[in-house]
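Colleague: At position 217 of the sequence shown the residue is numbered 785 (the numbering used here), and the sequence of numbers has no breaks.
Note that the Cβ used here is the ideal one computed from N, Cα and C, for glycine as well.
Sending over a structure as C-alpha cells; questions will come in a sec.
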Amino acid sequence: MTQVASLVDSHGRVLRDLRVSITDRCNFRCLYCLPETEAAQNFYRGRWANLPHSEPIARKWQPKSKILSFEEIERSVRLAVSLGIQKVRLTGGEPLLRQNVDELVARIARIPGITDLAMTTNGFLFLEKGRALRDAGLRRISFSLDSLDRANFQKMTGRDALAEVLASIKLAQELGMNPVKVNAVVIRGINDHEIEALADYAREHDLAMRFIEFMPLDSARAWLKELVMPGKEILQRLQARHALSPAPRRNPSETAQRWVFPDGRGELGLISPVSEPFCGHCNRLRLTADGKLRTCLFSVVEHDLRSRLRNGASDEDLAAYLQSVVLQKEDRHHIGEPDFVSPERSMSCIGG
Ligand code: SAM
Ligand code: SF4
C-alpha cells in the first residue's frame, strides 16, 4: 500500500515517526533527566563551580485530568497514521507505570498502517508486564542501560535496579522482541569508562547498543558541553578494540550511525545530536502525555491538541490542525549556540 504523505513541513521533510509519551511520571531519577538525587546533585555541583547556569525546572507531575486517556491517544495516533505516520514509539516518563499499558498497546497495534510499534523503557517493570505487552502486539523495545556496574547504575538512575533491568533485557529476547535495543547516555566523568564493557555486553548478548550524547534536557538544567562525549570519540575508542564495519543506512532519517562486529553478533550505534546534528533529515513529531504536540525535542512552543480533542473537534478539524502544526517544525536545534534556549520541560515530560 502506498502511504499518503500529508504531514510535510515547510522545509520539505515528510514526517513518518510519532513518539507518544503516555505518562510524565517516572520511578527512576536519572542524572541526565531528573537529577534529583543527592548523588546527581553532588556530581553537578562539583562541575558547576563558578559557572553560570539556568534555574532548574520545578518538577510537578501533571494531574490525571490533564493526561490523555487511552481513547484520546488512540484517536490521535489513528489520525496521524491517516496522514502518513508509519512508526509509533511509546515512551514517557516511564511508560510501564501507566496502568493497563498492554491494553493501550493492543489498541494501537490494531491501527492499520503502522509498520513499526515500539516502546522505550527503563525496564524496571518489564519483568512483570513484558509478556502481556508482547501478546498485545508490541514487537520492538528499547531499554535504557547506562552502566553495568551496580553502584554506578544506582548513581546514574537513583535506583539499585541493575539486576532487574538485565533480567528484563533477557526476557525481551526470550519473548522474541529481537533485535532488542539498549540505550546508554554517555556522560564524561561518570560512565565513559564503561563504553567498552557496554559494547562487549552487546556483542556477547547479541543486542543493538546505542550510545547517545547527553543533551540539554535535564530538569536541573545542569547540562554542560564538557560533559558530552562526542560520538566520534566513542567510536575511536571502540575501533581501537574491534574491527568494526559500518552498517548501511536503512533510511535517511535514521538517527544512529551503525557499526557491526566481524562475527555479525550485536550491533553498535552512535547517536550524536549535539556534535553531529541530524535535523535536516528529522521526520519526528511528538505528543506529550498531557496532549501537547511538539515538533522538536528543543521546541520552545507546544501545540495544544488536548483542548481540541476535548472540545468536540471533528477528525477533519484535527487533521488540519496536525498539518498546520507540522508546518511550524523548526529547521534545526541551536544547542551550543549563543541563542540556544532550553525548552521549558525536561526530557521526562517531553518523551524521549
Ligand atoms: N523512561 C524511559 C527510559 O528511560 O527509557 C523512557 C523515557 S526516557 C526520557 C527516553 C530516552 O531518553 C532514554 O533512552 C533516556 O536515556 C533518554 N534521555 C533522557 N534524558 C536525556 C538527555 N538529557 N540526553 C540524552 N538522552 C536522554
Ligand atoms: Fe525516568 Fe527515563 Fe528520565 Fe530516567 S530517562 S528519569 S527512566 S524518564
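1) Pull up the DSSP beta-bridge partners for His871, would you.
2) As an exercise, report each continuous beta strand (DSSP E) stretch of at least 3 residues that is fully enclosed by the region 626 to 684, in chain order.
3) Return the first residue and the last residue of the alpha helix (DSSP H) that Ile737 is part of.
4) Specify, as a first and last residue, the run of the beta strand (DSSP E) that Gly837 falls within.
5) With DSSP run on the structure shown, which of helix, strand or coil describes Glu822?
6) Grab me the residues of Met569's own chain with a C-beta within less than 6 Å of its C-beta, minus the 5 sequence neighbours each way, in chain order.
7) Check whether the region 592 to 611 and the region 869 to 876 are in contact - that is, three or more C-beta pairs closer than 8 Å.
8) Looking only at its chain, what residues have a beta carbon closer than 6 Å to the beta carbon of Gly859, apart from the 5 residues adjacent to it on each side?
9) Using only Cβ atoms and a threshold of 5 Å, which residues come within that distance of a heavy atom of ligand 4? Order them by chain position.
10) Hey, Ser644 and Thr856 are a contact pair by Cβ (cut 8 Å); roughly how many whole angstroms apart?
11) What's the gap between the Cα of Arg707 and the Cα of Leu658?
12) If you run the structure through DSSP and keep just helix, strand and coil, what is Leu583?
13) Comparing alpha-carbon positions, which option in Ser715, Arg593, Thr823 lies nearest Arg756?
14) Return the CA-CA distance between His773 and Thr683, expressed in angstroms with no decimal places.
15) Is His871 near Leu886, with beta carbons less than 9 Å apart?
16) Excluding the five sequence neighbours on either side, which residues of its own chain have a C-beta within less than 7 Å of the C-beta of Pro784, listed in chain order?
17) Considering only heavy atoms of ligand 1, does any lie closer than 8 Å to the CB of Pro663?
18) Quick one: using the 10 Å Cβ neighbour count with 16 as the cut-off for buried, is Gly837 buried or exposed?
19) Is Glu835 buried or exposed, if buried means 16 or more other CB atoms sit within 10 Å of its CB?
20) Candidates Glu762, Arg833, Leu739, Leu806: which alpha carbon is nearest Arg771's?
21) Out of curiosity, what's the CA-to-CA distance linking Pro663 and Thr688?
22) Give the DSSP-derived three-state secondary structure of Met915 in the structure shown.
23) For Glu781, verify whether its CB is less than 8 Å away from any heavy atom of ligand 1.
24) Excluding the 5 residues flanking Asp732 on each side, which residues of the same chain have their C-beta closer than 6 Å to its C-beta?
25) When the Cβ atoms of the region 716 to 736 are set against those of the region 593 to 606, are three or more pairs found closer than 8 Å?
26) Between Ser574, Ser578, Val576, Leu583, which lies nearest to Arg854 when the distance is taken from Cα to Cα?
27) Quick one: is Val868 buried, meaning 16 or more other Cβ sit within 10 Å of its Cβ, or exposed?
28) For Asp695, tell me which candidate among Leu739, Phe721, Gln891 has the shortest Cα-Cα distance.
29) Excluding the 5 residues preceding and the 5 following Arg627 in the sequence, name in chain order all residues of the same chain whose CB lies nearer than 6 Å to its CB.
30) Considering only the alpha carbon of each residue, which of Ala811, Arg678, Arg826, Ala735 lies closest to Arg817?
31) Less than 9 Å between CB atoms is the rule here; does Thr688 satisfy it with respect to chain C?
32) In the DSSP output, which residue or residues are listed as bridge partners for Arg727?
33) Would you report the Cα separation of Ala888 and Ser882, rounded to the nearest angstrom?
34) Please report how far the alpha carbon of Glu764 lies from the alpha carbon of Leu806, in whole angstroms.
35) Exposed or buried, which one is Phe908 when buried takes at least 16 other CB atoms within 10 Å?
36) Once you ignore the five residues that flank Phe721 on each side, which residues in its own chain have a CB closer than 6 Å to its CB?
Modeller: Taking the definition as stated:
1) Its beta-bridge partners are Leu861.
2) Counting only runs of 3 or more, we get 655 to 659.
3) Note, Ile737: alpha helix (DSSP H), 730 to 742.
4) That run of the beta strand (DSSP E) goes 835 to 839.
5) Reduced to three states, the DSSP call for Glu822 is coil.
6) Here the model assigns Met569 a pLDDT of 43, short of 50, so the residue's position is not dependable, and the following value carries that caveat. Within its own chain, no residue has a Cβ closer than 6 Å to the Cβ of Met569 once the five positions on either side in sequence are excluded.
7) Short answer: they don't touch.
8) Cβ neighbours of Gly859 beyond the five flanking positions: Leu636, Leu873, Arg874.
9) As for ligand 4, it is missing from this structure, which binds only ligand 1 and ligand 2.
10) The pair is not a contact, with the Cβ atoms about 11 Å apart (cut-off 8 Å).
11) For Arg707 and Leu658, the gap between their C-alpha atoms comes out near 12 Å.
12) Three-state result, Leu583: coil.
13) Across the set Ser715, Arg593, Thr823, the C-alpha of Ser715 shows the shortest separation from the C-alpha of Arg756.
14) Cα to Cα, His773 sits roughly 26 Å from Thr683.
15) Cβ distance not < 9 Å, so His871 and Leu886 don't count as in contact.
16) The residues are Trp791, Ile903, Ser910.
17) Result yes, Cβ under 8 Å from ligand 1.
18) Label assigned to Gly837: buried.
19) Buried, because 16 or more other Cβ atoms sit within 10 Å of the Cβ of Glu835.
20) Of the candidates Glu762, Arg833, Leu739, Leu806, the one whose C-alpha sits nearest the C-alpha of Arg771 is Arg833.
21) So the alpha carbons of these two residues sit roughly 8 Å apart.
22) Taken through DSSP and simplified to helix, strand or coil, Met915 comes out as helix.
23) The answer is yes for Glu781.
24) Note that residue 732 is Glu in the sequence shown, not Asp. Take Glu732, set aside five residues on each side of it, and the residues of its chain with a beta-carbon closer than 6 Å to its own are Phe692, in chain order.
25) The answer is yes - the region 593 to 606 touches the region 716 to 736, with three or more Cβ pairs under 8 Å.
26) Taking Arg854 as reference, the option from Ser574, Ser578, Val576, Leu583 with the minimal CA-CA separation is Leu583.
27) Classification of Val868: exposed, given that the 10 Å Cβ count is below 16.
28) In the sequence as displayed, the identity of residue 695 is Leu instead of Asp. Considering only alpha carbons, the answer is Leu739.
29) Excluding sequence neighbours, Arg627 sits near Ser787.
30) Checking every option, the nearest Cα to that of Arg817 belongs to Arg826.
31) Note that chain C does not occur in the displayed structure, where there is just one protein chain.
32) In the DSSP assignment, Arg727 forms no beta bridge with any residue.
33) Each residue's Cα considered, the two are about 10 Å apart.
34) Cα-Cα distance, rounded: 7 Å.
35) Under this definition Phe908 is an exposed residue.
36) Answer for Phe721: Ser715, Leu730, listed in chain order.
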